[in-house]
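I have placed the structure first, in the form of structure tokens, so that the comments after it can refer back to it.
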Amino acid sequence: MEVYNSTPKVEFCLEEVVVLKMDVDMKEKNRCLEVVSWVDDKMERSDEEDKIDFKGGNVHVISNKENWDHKIAEADKDGKIVIANFSAAWCGPCRVIAPVYAEMSQTYPQFMFLTIDVDELMDFSSSWDIRATPTFFFLKNGEQVDKLVGANKPELEKKVAALADSA
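If you're matching positions, the sequence shown starts at 1 in full-length UniProt numbering and goes up one per residue.
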């Protein structure tokens, strides 16, 4: 068995190296552009997917403080308990509980179901000391009677049913 101890010779022309490097750079640049395009596409789809249908059932979406005041006054006049859901479009648990909340709004028409997007109404949400989303407030005659933090479906159902029984 023969063993060769030799270093391979590399012969090249400087112009070929420059062309080869440019070719690699272009391929890398094209690959980067493909990745950026793919990410952009995913981001656009994600923005569309992030939108929660807050309006399902008999849920009223609050878009400003005046709208809130009007709905609270309407509920007080009609003797309705208000269930206010402070939520966010980007919030995973909010997305999970939204259809449950909408369904409850149809099951319990004696209540007024409101949804407030904390990102749309930051100052208003801050005045309610929202520290997590979703946060549900239960109001009777404009006064808080209960609160639930989190997308706890059984607990939300329990609280709403208890209010329905006491009304």
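A virtual CB, placed ideally from N, CA and C, is assigned to each residue, including glycine.
First through last residue of the alpha helix (DSSP H) which encompasses residue i
i	result
Ser125	122–127
Asn85	No alpha helix (DSSP H) holds Asn85; the beta strand (DSSP E) holding it covers 81–87.
Expected contact under 8 Å - CB spacing of residue i and residue j to nearest Å
i	j	result
residue 197	Ile81	In the structure as shown, the chain begins at 1 and stops at 167. Residue 197 is therefore absent and cannot be evaluated.
Ser87	Pro134	5 Å
Asn58	Gln110	So it is not a contact: roughly 11 Å between Cβ atoms.
Met104	Val160	6 Å
Asp119	Ala89	7 Å
Proximity to residue i [Cα-Cα], best of the options
i	options	result
His60	Phe113, Trp90, Ile97, Thr135	Phe113
Glu66	Tyr108, Leu121, Pro99, Ala162	Leu121
Ala167	Trp68, Asp69, Gly79, Tyr101	Gly79
Ala162	Tyr108, Lys77, Ala89	Tyr108
Glu157	Ala98, Ala132, Asp69, Gly142	Ala98
Ala102	Asn85, Glu143, Asn64	Asn85
Cβ-Cβ distance between residue i and residue j below 8 Å
i	j	result
Ile83	Lys71	no
Ser126	Ile116	no
Ala151	Val96	yes
residue 196	Phe137	There is simply no residue 196 to check, as the chain begins at 1 and stops at 167 in what is shown.
Asp69	Asn141	no
Residue i: first and last residue of the uninterrupted beta strand (DSSP E) it sits in
i	result
Lys159	Premise fails: Lys159 lies in the alpha helix (DSSP H), 153–166, not in any beta strand (DSSP E).
Thr107	No beta strand (DSSP E) contains Thr107, which is instead part of the alpha helix (DSSP H) from 92–107.
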